[in-house]
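First comes the structure, then the notes that go with it.
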Amino acid sequence: MGISMLMCTQTQPLPNVLTRGLMMDIFNPHRHKDKVVFVMGATGTGKSRLSIDLATRFPAEIVNSDKMQVYKGLNIVTNKITEEERRGVPHHLLGIVNPNADFTANEFCDKAALAIGSIVSRGHLPIVVGGSNSYIEALVNDEASKFRAKYECCFLWVDVSMPVLHSFVSDRVDRMIENGMVGEVRKMLDTNNVDYSRGIWRAIGVPELDKYFREEAYLDEGTRSRLLEEAIYEIKRNTCRLACRQLKKICRLKNLKGWKLHRLDATDVFRKHGTEADEAWERLVAAPSSVIVCEFLFGGRRRVSFQCHGRGLHHCSCH
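Adding 8 to a residue's 1-based position in the sequence shown gives its number in the numbering used here.
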């Protein structure tokens, strides 16, 4: 039985004139607020990919706002971006917290504010990326409005049609299993005291596999295989449910809280494969986002244009 299809390029940097312009703008004495870019979206929509694209086009550093990726360990389960995928871009709040600890929204706000301040002090653009919208909301809409008073925010929302995303999420879980997720969870469970209400143990994939681990030693091979398939099915279903909840929260921020979100529809990207998918990503997500960020940073003083030919940017200009 399926869950609605089992339901939920490297790019070239912008020219030196843009990098120099950003540095000059950051240190402009007439500038009233520092600027922060947020990359939002449901799980699996390509937030990390977009953040890297932007950070290789602008002098930027990335602050993780995913509440599971902030913990140490379970890199496959939590789908942490790899060192190779980071392409040398500095990342903050990624894999820094004890897996048994509770990392609250208040703690996130404190550490994120420090990281953002540090990034700005180096003349770089902070890019906050992650699917934990409750963390982002707590940071931006703090009670005293300190963040909004200090920073101007640009919100990029990578959106994918739910049926298409659900199919992708199902395939991604299969790849995670192939990459060793079951063994990764087993090893962590064997070496830690587990409380499924705390820390990294709330991550989708851990409780679903726990039942399998508890019973596998007493079962024949056929029953073990069936039980593992059931656990994988539950992981896929719960991941799709998470994507739906995340989308609802984003819509609430947009429609009820009045956040100005720049929606980037990546659905067509996920319907394609290989080079065609890369070209669609550049055309529909990466290049438009770069334009939005350039206008956010420089306002009417500069205009950026991109011409996309194949993979990457054939030409871009900012003037």
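Beta carbons: idealized from backbone N, C-alpha and C, even for Gly.
- A residue is called buried when at least 16 other Cβ atoms come within 10 angstroms of its Cβ; G81 meets this threshold and is buried.
- Around the beta carbon of P67, a 10 Å sphere encloses 16 or more other beta carbons of the protein chains shown; the residue is thus reported as buried.
- With respect to the 7 Å criterion, V45 and V299 are not classified as neighbours on the basis of their beta carbons.
- Under the DSSP definition of a beta bridge, D273 partners with D167.
- Shown here, F111 sits in coil according to DSSP, grouped into three states, outside any helix or strand.
- At a Cβ-Cβ threshold of 7 Å, V47 and Y79 do not count as neighbours.
- Ranked by Cα distance from D167, the options G213, C259, L217 and N187 are led by C259.
- Within the same chain, C162 come within 6 Å of F304 by CB-CB distance, once the 5 residues on both sides are set aside.
- With respect to the 7 Å criterion, P215 and Y226 are not classified as neighbours on the basis of their beta carbons.
- In this chain, the beta strand (DSSP E) harbouring P134 covers L133 to V137.
- Distance from the CA atom of I135 to the CA atom of W209, rounded to whole angstroms, is 27 Å.
- Between the beta-carbon of F221 and that of L197 there is about 6 Å, and that keeps the pair under the 8 Å contact cut.
- For Y159, the secondary structure class from DSSP, reduced to helix, strand or coil, is strand.
- Relative to D61, the option among G307, F306 and W289 whose CA is nearest is W289.
- Straight-line spacing of the CA atoms in A123 and A146 works out to 16 Å.
- In the DSSP assignment, H100 is bridged to V71.
- Per DSSP, K43 is one residue of the beta strand (DSSP E) stretching across D42 to M48.
- It is roughly 12 Å from the alpha-carbon of T199 to the alpha-carbon of N108.
- With a contact defined as Cβ atoms closer than 8 Å, D276 and L292 qualify at about 6 Å.
- Judged by their CB atoms, S169 and K75 are not nearer to each other than the 7 Å cut-off.
- Proximity to D150 across R183, A113 and F306 peaks at A113, based on C-alpha coordinates.
- Taking a C-beta distance under 7 Å as the contact criterion, V137 and S59 qualify as a contact pair.
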